[in-house]
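Protein chains in written order, with this note's numbering: chain S, 1 to 296; chain R, 1001 to 1421; chain Y, 2001 to 2369. Here is the structure we will look at.
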Amino acid sequence: MNGYELLNVTFQFLESFAFIVLATVGLAVIFGMMGIINLAHGEFILVGAYATTLSAHQGLPLPVAMLVGVVATTIFGIVLERTIIRRLYGRLLDSMVATFGISLVLVQLTRILFGNSIDQVSTPFGAISYGSYSYSLYRVLLAGAAIATLLVLYILFTRTAFGIRARATIQDEETARSMGVDTDRMYMSTFAIGSALAGLTGALYAPARASPTPEFGSEFLVDAFVAVVVGGPSVLVGTPLAGGFLGLIEAFFTFQWTQFIGTVAMLVAAIVMIRLLPDGFSGLVESVRTSWRESE
Amino acid sequence: MTRRSISRRSALAGGVASGLAAIGGCLSEGGILNGSGGSDGPMIGVLEDRSGEFALNGTAKWQASLLAVEELNADGGVLGEELDVYDPDPQSDNQRYQELTREALNREGVDALWAGYSSATREAIRPIVNEEEQLYFYTTQYEGGVCDRTTFAMGATARQQLGAVIPYMIEEYGPRIYTIAADYNFGQISGDWVRLLADEHDAEVVGEEFILLGETDFGSTINAIQGEDPDFIASMLVGNGHANFYEQRADNELDVPMASSTTMAQGYEHRRLDPPALEDMYVGVNYMEELETDRNAAFVDAFYEQFPDADYLNQEAQNNYFSIHMWAEAVEAAGTFDQETVIAELEDGIEVEAPEGDVELDPETHHMTHHMRIGRADGEHEVTFSDEQYIEPSFLHEVGCNLPDDPEQTQYEPDEFYDEI
Amino acid sequence: MEGVRMSSEPNSSLLERVRSPFEGPNTLGNSNGFWLTFGVGVVSLALYPVLFGTYAAGERAVFLVYALLGVSLCFVWGFCGILSFGQVAFFGVSGYTFGIVGLNVSSYTGVTLGIVAGIAVATLFAAALGYFMFYGGVRDVYVTIITLVVALVLKTFMDQTAGGEWAIGEAELGGFNGMRNIPNLAIGVGDVGIDVSRAMHYYVALAALIAVYLGLRVLVNGRFGYAMVATREDETRTEMFGYNTTLIKFVTFTLGGALAGLSGVLYVTWGNYIDPQQFAITAASMPVIWASIGGRDSIAGTMAAAIVLQWIELQLTGEWALVIVGSLLVFVILAMPEGIAPRLRTFVLDRQSSSEPATAPATTEEVTD
């Protein structure tokens, strides 16, 4: 492997990492913190992508269009939470069937309203060239966006009063309520954040994908579920580790053999990881931290 | 095959069998409540996807079929009778296709069937079609090789499409070819044809990658192509996931020209993707909406008048359209809707005025001789055409498919016949 | 297995003694009314080919086949608390295995061997996966995700098995295009045997469904069933009472795999075809949906939900079809959280207690199991 090829693998890794992390964060917040298995997660991403693309077609500059995508998905998420999802708290498996139904409805409604596809928005920034190779700059920068998203989440959930109340609600609803936390509102806000993150994913990938179709969201679903489980219950620790691990496996096997081998290797690695670490990466980190403290 | 196994094992065994036969005796094909089912007049089945993965390609096929039926009925129907259509939405689901095909054949008793976009769908319903000896038109451009006495393949085959575009590209850009193709039957056979054509024209396939259907990430593929630096790319990618290759090719500023049999004419990528994703894309097609002939202009006008919100009039839609007219002509000539007689009439040879030009049915192979052209997209995704040729389905002739004399139900593959692969 | 006879009394009639192994607290329907409704259901399904003809029956047989797949999930999920997304994996593996054997060994021997091989391979596969998970301490939602990922790995793998290098003897796996020309169901040796197609296939599927249903009722109302339900309710406590819950889950999961394998054989012999879509996420979700809608601890409810939902889907042909199906799922889950069957039972019991018990008409009693 020469230097240029090393750059190739690095960029491929960054792209995989970004994809896995961004596909996962929204789901991880909703599943990890609220216990809702959201099979309509892909369609939340779809809402973000369509809102971004359609408002860019209306002449809005891309960053503003992306903001519209995030806001639209957030509002959409809140409406859905108030009407349907809030009746499903504590009913992990029912939430799965209901959100599967929602996903069927959303895909087909999208098709009825906007047709079989909408025109693509072009990808900004062009490419980086090195030797005989080149790589899309936007795709590399997505890795930066993924890390930035995780940082913002970290600050939100650990450094703000809201974050502390939200985590208290999730850990022990009764106690939180007796301490004066409006838990109903906390659930709604957490779901809104999860929706906003899915919307952000849709917004960021809208210009990086061939023209959006009603099936846009399904491309994200598999990676998202696998990474959530490999990551484990703590979103902030688990998601980046899962993204890094699975992205590395996928990039390496793809580079060495083919994309097919890369995909299969990633899925098999996920199965093995779940078997070895039933609580995921964040469970591992937690137990390491505990034993470290004990030895001190 | 189902039929063969039934006839081979026709004898039932022993006492158990007579008991079963007694039960069977009470059963009828139609049942007590069901009556004869279906409509009284002539009816065709049109099973084309309007939702799910293949809706992008299927919707126009369905629309153009309805247009053809409308025209026939406005013109007095077929054999003086109004033609009915059975057209539920199969939702890109092969199992649903199987159920609806049985429904169409057994309950509705359709006189002819048009069904399916993907070759997986064709293979899923072919056991049913064969068992019932149903006259069936498959209109998608495909890998070729189906030699089946009740099936008529209306689309151009890989041999016809690549035979038009690959030699042109070798001439134009040079002999080093990099193949990327969808990793299933269609893509692999197309890859074989590229090798064969390269061999015939002293060119060379310097790299070949087969890509899983639905894959959306092409970073490593593009790097691999850059590492090889070919004269052109032969792209037989399929579906909307794979359209990401063109998008990422533009992002990565990979400016190697591309030859294809699958792009633009089916999923209208040149309309949906942002230019210049498809710059220097050369595609071998028998039809595209952009063809500039008077006959096509009239067809396109009629289509959009009927379906003002339609997205695109694709190659398969044209194939559905002309083949419904061709079937109606054969019925008129035969004087009956009886499927065996209509098949015999079609096998007498028939020519039809299609929007792509006058095309003939090849009686031996049940395929069409097509007007193949090379459509090129420029940096603004404007499409121009050149090098029109009239190409017949030669591969099936070479393997000896002669359906009127030897009615078989097989699919031939090129790697069984050529050593070069 | 010895049934625990909760309902048998010293002076019970012959009918009650026949019924007793099938009844107990682990199944919902134990009343006369239930068995009457069940009988009516079976008879109408049996009459379907007579009334609507052999063509229609051959076409609808797939509903029964999928109902059996739903039952395989209902058994592991509803009674032992293991939510498996992998039932389609066993279903598909069995279907492909049947195809490989049936295409390679011609004559009746091949088909008969294929049935055995299909179910055996699916069972072994389930056993291996179950061993890997349950003896490795994987539980709850992680089991769900592992089984889903296993199905997706199979899909990814089978999708790329096009071409001659993926032929096993005469049988081409076929990749995305699927495996073709799979023989009809039959049983026999050499040239002597019985072909099962169309209406006969329908009856075989129906018989399998009823046999599995009654067999599972005996099983879940027996000692093993009590252990399964106890494991579902509280695994730690069950373990403290001296039960090997890991073994219970392992056995249940394996049995569920065998049932899914049986439905896989019936599926490929219905359409003479199988493709990797059977492993996809949509297909994998369907059994979960049938069990949720029907009532996951109600075998008859799951069967009914599978048949009715498929029937509805086939009737809806326009562009609003998927919107209606999706809305229906959301509505049922919100209105009837435990599924339709348990809700119906509660409804009927309420009515009975509010009216005079003796005069409650039998026909309005619950249709659950």
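Cβ atoms here follow ideal geometry from the backbone N, Cα and C, with glycine treated the same way.
Can you list, in chain order, the stretches of the alpha helix (DSSP H) that have 4 or more residues and sit fully within the segment 75-138 of chain S? 92-114
Beta strand (DSSP E) segment containing Gly-1375 (chain R), residue limits: To locate residue 1375 (chain R), count along the second sequence from 1; it is residue 375. Element bounds for Gly-1375 (chain R): 1367-1377.
Under a three-way DSSP split, which group does Val-2149 (chain Y) fall into? Counted from its first residue, the third sequence places residue 2149 (chain Y) at position 149. Of the three classes helix, strand and coil, the one that applies to Val-2149 (chain Y) here is helix, per DSSP.
Pick out whichever of R:Glu-1356, R:Met-1043 and R:His-1242 has its Cα sitting closest to the Cα of Val-1451 (chain R). Outside the shown range of chain R, which is 1001 to 1421, sits residue 1451 (chain R), and nothing can be said about it.
Against chain S, with Cβ distances strictly below 8 Å, would Tyr-2142 (chain Y) count as a contact? As a working note, residue 2142 (chain Y) is residue 142 in the third sequence. It does: the Cβ of Tyr-2142 (chain Y) has a partner Cβ on chain S nearer than 8 Å.
Cβ-Cβ separation, Met-33 (chain S) to Val-230 (chain S) (assumed contact under 8 Å), whole Å: The count along the first sequence starts at 1 and reaches residue 230 (chain S) at position 230. The count along the first sequence starts at 1 and reaches residue 33 (chain S) at position 33. Val-230 (chain S) to Met-33 (chain S), Cβ: 17 Å. No contact.
Are the C-beta of Leu-2152 (chain Y) and some C-beta of chain R separated by less than 8 Å? The residue you call residue 2152 (chain Y) lines up with position 152 of the third sequence. Closer than 8 Å: no.
Just mark His-1381 (chain R) as buried or exposed, buried being the case when its beta carbon has 16 or more other beta carbons within 10 Å. Stepping through the second sequence from its first residue, residue 1381 (chain R) is reached at position 381. Flag for His-1381 (chain R) reads buried.
Is the distance from the Cβ of Pro-233 (chain S) to the Cβ of Gly-283 (chain S) below 8 Å? Indexing the first sequence from 1 puts residue 233 (chain S) at position 233. Indexing the first sequence from 1 puts residue 283 (chain S) at position 283. Cβ distance < 8 Å, so Pro-233 (chain S) and Gly-283 (chain S) count as in contact.
Thr-2112 (chain Y) to Leu-2185 (chain Y), Cα distance in whole Å? Position 112 of the third sequence holds residue 2112 (chain Y). Position 185 of the third sequence holds residue 2185 (chain Y). Roughly 8 Å separates the two Cα atoms.
Is any heavy atom of the ligand MG found at a distance shorter than 7 Å from the C-beta of Ala-206 (chain S)? The ligand MG is absent from the structure shown, which contains no ligand whatsoever.
Within this structure, are the beta carbons of Leu-1162 (chain R) and Ser-1261 (chain R) separated by less than 8 Å? Taking the second sequence and counting its residues from 1, the one referred to as residue 1162 (chain R) is at position 162. Taking the second sequence and counting its residues from 1, the one referred to as residue 1261 (chain R) is at position 261. Yes, they are a contact pair.
Name the one or two DSSP bridge partners that Ser-1235 (chain R) has. The residue you call residue 1235 (chain R) lines up with position 235 of the second sequence. According to DSSP, Ser-1235 (chain R) bridges with R:Ile-1180 and R:Ser-1260.
Does Gln-2352 (chain Y) come within less than 8 Å of chain R when only Cβ atoms are used? For the purposes of this step, residue 2352 (chain Y) is taken as the residue at position 352 of the third sequence. Chain R contact via Cβ: absent.
Residue from Y:Glu-2059, Y:Leu-2064, Y:Val-2212 and Y:Asn-2221 whose Cα sits closest to the Cα of Pro-2025 (chain Y): Taking the first residue of the third sequence as 1, we reach residue 2025 (chain Y) at position 25. Comparing Cα positions, the closest option is Y:Asn-2221.
Answer yes or no: do Asn-1286 (chain R) and His-1371 (chain R) have a C-beta to C-beta separation smaller than 8 Å? Position 286 of the second sequence, counted from the start, is the residue given in the question as residue 1286 (chain R). Position 371 of the second sequence, counted from the start, is the residue given in the question as residue 1371 (chain R). In contact: Asn-1286 (chain R) and His-1371 (chain R) (Cβ atoms closer than 8 Å).
In the structure shown, what three-state DSSP assignment does Thr-52 (chain S) receive? Along the first sequence, read from residue 1 onward, the residue named residue 52 (chain S) stands at position 52. Reduced to three states, the DSSP call for Thr-52 (chain S) is helix.
Start-to-end residues for the alpha helix (DSSP H) that takes in Thr-2317 (chain Y): On the third sequence, position 317 is the one that residue 2317 (chain Y) refers to. Where Thr-2317 (chain Y) is concerned, there is no enclosing alpha helix (DSSP H), given that its DSSP letter is neither H nor E.
CB-CB length for Ala-166 (chain S) against Val-70 (chain S), believed under 8 Å: By one-based count along the first sequence, residue 166 (chain S) stands at place 166. By one-based count along the first sequence, residue 70 (chain S) stands at place 70. Not quite, the Cβ-Cβ distance comes to about 19 Å (not below 8 Å), so this is no contact.
Ser-2094 (chain Y), buried or exposed, once every other Cβ within 10 Å from all chains shown has been counted against 16: Here residue 2094 (chain Y) corresponds to residue number 94 of the third sequence, with the count starting at 1. When all chains shown are included, Ser-2094 (chain Y) counts as buried.
Using a cut-off of 7 Å between C-beta atoms, extract the partners of Ser-1119 (chain R) located in chain B. In the structure shown, chain B does not exist; the protein chains are S, R and Y.
If we define contact as Cβ-Cβ less than 8 Å, is Asp-1183 (chain R) a contact residue for chain Y? Reading the second sequence from its first residue, position 183 is the one you call residue 1183 (chain R). Yes, Asp-1183 (chain R) counts as interfacial toward chain Y.
So does the segment 2113-2121 of chain Y actually touch the segment 2195-2213 of chain Y, counting three or more Cβ pairs closer than 8 Å? no
Proximity winner among R:Gly-1219, R:Leu-1135 and R:Thr-1157, relative to Thr-258 (chain S) (alpha-carbon distances): The residue labelled residue 258 (chain S) in the question sits at position 258 within the first sequence. The shortest Cα separation from Thr-258 (chain S) among R:Gly-1219, R:Leu-1135 and R:Thr-1157 belongs to R:Gly-1219.
Quick test of the definition: if touching needs 3 or more C-beta pairs under 8 Å, does the segment 2284-2303 of chain Y touch the segment 2072-2083 of chain Y? yes
Counting only beta-carbon separations shorter than 8 Å, does Ala-1021 (chain R) have a partner in chain S? Counted from its first residue, the second sequence places residue 1021 (chain R) at position 21. Here Ala-1021 (chain R) scores only 47 on pLDDT, less than 50, and its place in the model should not be relied on; the value that follows carries that caveat. Judged by the 8 Å Cβ criterion, Ala-1021 (chain R) is not in contact with chain S.
Grouping DSSP H, G and I as helix and E and B as strand, with all else coil, what is Leu-2045 (chain Y)? One-based indexing of the third sequence puts residue 2045 (chain Y) at position 45. In the structure shown, Leu-2045 (chain Y) sits in a helix (DSSP, three-state: H, G or I).
Relative to the alpha-carbon of Ile-1222 (chain R), which residue among R:Leu-1213, R:Gly-1214 and R:Glu-1209 has its alpha-carbon at the smallest distance? Position 222 of the second sequence, counted from the first residue, corresponds to residue 1222 (chain R). Selected option, being the one with the closest Cα: R:Glu-1209.
For Leu-1386 (chain R): DSSP bridge partner residues: Translated into positions along the second sequence, residue 1386 (chain R) becomes position 386. One detail in the question is off: residue 1386 (chain R) reads as Ser in this sequence, not Leu. Paired residue(s): R:Ile-1374.
So Pro-207 (chain S) packs on Pro-124 (chain S), CB below 8 Å; how close in whole Å? As a working note, residue 207 (chain S) is residue 207 in the first sequence. As a working note, residue 124 (chain S) is residue 124 in the first sequence. Confirmed, Cβ separation roughly 7 Å.
Any chance the segment 2125-2145 of chain Y sits against the segment 2249-2261 of chain Y, with 3 or more Cβ pairs inside 8 Å? yes
Skipping 5 residues on each side, what residues in its chain have a beta carbon closer than 7 Å to that of Glu-2338 (chain Y)? Position 338 of the third sequence, counted from the first residue, corresponds to residue 2338 (chain Y). If we look at Glu-2338 (chain Y) and ignore the five residues flanking it on each side, its Cβ neighbours are Gly-2295.
Cα separation between Val-1331 (chain R) and Ser-1190 (chain R)? In the second sequence, the residue the question calls residue 1331 (chain R) occupies position 331. In the second sequence, the residue the question calls residue 1190 (chain R) occupies position 190. Near 35 Å, if we compare the C-alpha coordinates of Ser-1190 (chain R) and Val-1331 (chain R).
Using C-beta distances below 6 Å, list every residue in its chain close to Leu-241 (chain S), excluding the 5 sequence neighbours before and after it, in chain order. Walking along the first sequence from the start, residue 241 (chain S) turns up at place 241. Answer for Leu-241 (chain S): Phe-281, listed in chain order.
Measuring alpha carbon to alpha carbon, tell me which residue in Y:Phe-2038, Y:Val-2043, Y:Ala-2067 and Y:Thr-2027 is nearest Val-2218 (chain Y). Here residue 2218 (chain Y) is taken as the residue at index 218 of the third sequence, counted from 1. If we check each option's Cα against that of Val-2218 (chain Y), Y:Thr-2027 comes out closest.
Of the residues that make up the segment 225-244 of chain S, which ones have a beta carbon closer than 7 Å to any beta carbon in chain Y? Phe-225, Val-226 and Val-229
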